[in-house]
Each structure stands twice: as C-alpha cells, then as structure tokens.
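Everything below concerns the one structure shown next.
Protein chains in written order, with my numbering: chain G, 2 to 137; chain F, 140 to 296.
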C-alpha cells in the first residue's frame, strides 16, 4: 500500500494530519499498538519538522507485510550540521514554533528513538530528506 | 465512590532509605525501587469533580481508568511517554495539543489556568475520541490535587 501527503510549511493547523491518518490505517491492519505508537510518533515529529522549518514537503508511506517505510522530502533551508541537529536540546526553531509546544531540540532524537531505521540527508538551501523504517 | 485503592508493591533499595536520598540520586532511587505509595484508578468524571473542571467530549471515555498524570507544555516531551492510562495536564491550548495526545495514546487532557479550547480543537478531539477538561486552577495546583488523590507520576526511564 502506498500513500502520499503534501505538507505546507508554516501551517500548524494541518500538522499531524498524515500521522493521524497513518494511525487509523495501521489500526485497521491490526498492527501491534506498541509498534503503531512508535511509527506515528516518529512520523509526527518529522511532519512537525517540515511545518516548522521548511517551505513545503511530501510524505510517502509504503506499507507491506514486513515494514512501514516513510520518506519525508522537503524543500527548505536544509540542515548545515546533521550531527549537531541530532543532539538533544539543539534547535533553530522560531518563537512561533515554540509557542506551539515544539522547538526544544527533541524532534530528531525522538524520531531516532522510535524508528528501527532512520536515515537523514540534507543540502543547505535545497532541502532535507528523512527516511523512517519500522518493522511490523 | 467509584475509585478504589490498591497496595503498590514495595521494594525499597536496601542501601537507600527515603531519609538520605539527595536530590541528585532521587531519580536513581525511583529507577531502582518502586515508589512507596498507594495508587488510584480514577474515572474522568471523578478527576473533573476533584479539580472543578468543565468536561468536553466525554462520549466513549466514561469508563477509562486513569492511573497516571504528566504535566507539560512541551509536546515533544509528551511524545516520549510510553505509559498508558495517562492524563495530560497542560497550559498549551492549540490544535497540536490534541494531535500530540492522539499520537501518545492519551485519551484525556486537562487544560489548566482556564485556557479554553477553540472550536477546531474540540471538533478534532471529538473526532478522535479525546476528552478535554477545562480547569481554572494552575498546573501545579491540579498536579498537587491529583497526586494527593493517588494518581501517580510517570517514572523517568
């Protein structure tokens, strides 16, 4: 099964839509609730990252009987140092993002914690791609 | 009275007593031994009446047993919760509060300091089955009342 969602940078009212949708789909597929939680938390953090930092993005979700593979590709400022961005507490979020309850530098570490596989590539002034794989 | 009390297993670390726990090793103490207190199951209605809160979107959640609470305005912290039967106490009233609770499998949110949910928030909460309590008390006050009633904190892992 393949699903695709468009994400608009800065639009917090829609942030989390893809994650909610995926949660419903995985529930219908009778996936273990503990795995569902890990998958949707990882996706939600990554989705919020696009809304908080990028101009727009696309989420592609591929589900088969062994895994959920999610690829989030955004057009945005990119990440100059992925190593630094992976550190807990490091953040470049705006005050508006912080008002929404995010931007404390926990997004990427939270994704890593909940994903079985996480890959991230980024090019400054072009964008960032995050791949999240969870085995089901 | 709908809530009932259970004896929590007590297993105090032999080399440590509650009297000599410093602030520094308090977390370690909690990791290595069970917290020595009773705990309670509370229904959402009981929680609301204890903190004088208004109830929104209770349908379907009337019989949920709440055993633990977590107080935070930082949604990334909320997303680290692995426990179930948790109530979220927060002063953050926006659409992401509801989304975050959904992702963290939280079925009840208490908005403190009289923060009122928008109609968009309530619509989403109703759609995904999350109860929202609106309470005039501060987060500290709400947390204190519920802790006193036997609702437990989440232990740091």
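Ideal placement from N, C-alpha and C gives every residue a C-beta, glycine not left out.
In chain order, what residues of the same chain lie with their CB nearer than 8 Å to the CB of residue i, ignoring the 5 residues before and after it?
| i | result |
| --- | --- |
| residue 259 (chain F) | 234 |
| residue 191 (chain F) | 274, 275, 276 |
Where DSSP assigns a beta bridge to residue i, which residues make up the other side?
| i | result |
| --- | --- |
| residue 292 (chain F) | F:208 |
| residue 5 (chain G) | G:61 |
| residue 136 (chain G) | G:68 |
| residue 126 (chain G) | Its beta-bridge partners do not exist; DSSP assigns none. |
| residue 120 (chain G) | G:132 |
| residue 270 (chain F) | F:247 |
For residue i, decide whether its Cβ has a neighbour in chain G, counting only Cβ atoms nearer than 8 Å.
| i | result |
| --- | --- |
| residue 170 (chain F) | Note that residue 170 (chain F) has pLDDT 45, beneath the 50 cutoff, so the model's placement of it is unreliable and no number is given. |
| residue 269 (chain F) | no |
| residue 258 (chain F) | no |
| residue 215 (chain F) | yes |
| residue 295 (chain F) | no |
| residue 235 (chain F) | yes |
| residue 218 (chain F) | yes |
| residue 238 (chain F) | yes |
| residue 231 (chain F) | yes |
| residue 212 (chain F) | yes |
| residue 244 (chain F) | yes |
| residue 241 (chain F) | yes |
Enumerate in chain order the residues of its own chain whose CB-to-CB distance from residue i is below 7 Å, with the five nearest sequence positions on each side excluded.
| i | result |
| --- | --- |
| residue 36 (chain G) | 135, 137 |
| residue 118 (chain G) | 134 |
| residue 120 (chain G) | 132 |
| residue 24 (chain G) | 37, 41 |
| residue 11 (chain G) | 52 |
| residue 243 (chain F) | 217, 218, 220 |
| residue 13 (chain G) | 52, 101 |
| residue 241 (chain F) | 267, 269 |
Leaving out the 5 sequence neighbours to the left and right, which residues in its chain are closer than 6 Å to residue i when beta-carbon positions are compared?
| i | result |
| --- | --- |
| residue 98 (chain G) | 53, 104 |
| residue 113 (chain G) | 119 |
| residue 197 (chain F) | 270 |
| residue 193 (chain F) | 273 |
| residue 75 (chain G) | 51, 55, 58, 128, 129 |
| residue 125 (chain G) | 79, 81 |
Please look up how many angstroms separate the CB atoms of residue i and residue j, rounded, as I've assumed it's under 8 Å.
| i | j | result |
| --- | --- | --- |
| residue 264 (chain F) | residue 250 (chain F) | About 11 Å; that fails the 8 Å criterion. |
| residue 285 (chain F) | residue 102 (chain G) | Rounded, the Cβ-Cβ distance is 21 Å, inconsistent with contact. |
| residue 46 (chain G) | residue 17 (chain G) | Not really, about 10 Å apart at Cβ, beyond 8 Å. |
Does the CB of residue i have a neighbour CB from chain F at under 8 Å?
| i | result |
| --- | --- |
| residue 4 (chain G) | no |
| residue 119 (chain G) | no |
| residue 20 (chain G) | yes |
| residue 28 (chain G) | no |
| residue 91 (chain G) | no |
| residue 57 (chain G) | no |
| residue 38 (chain G) | yes |
At 4 residues or longer, what runs of the alpha helix (DSSP H) sit wholly inside the segment 29 to 76 of chain G? The segment 29 to 76 of chain G contains these whole alpha helix (DSSP H) runs: 34 to 54.
Which complete alpha helix (DSSP H) runs does the segment 182 to 250 of chain F hold, if anything under 4 residues is left out? 183 to 189, 214 to 217, 234 to 242
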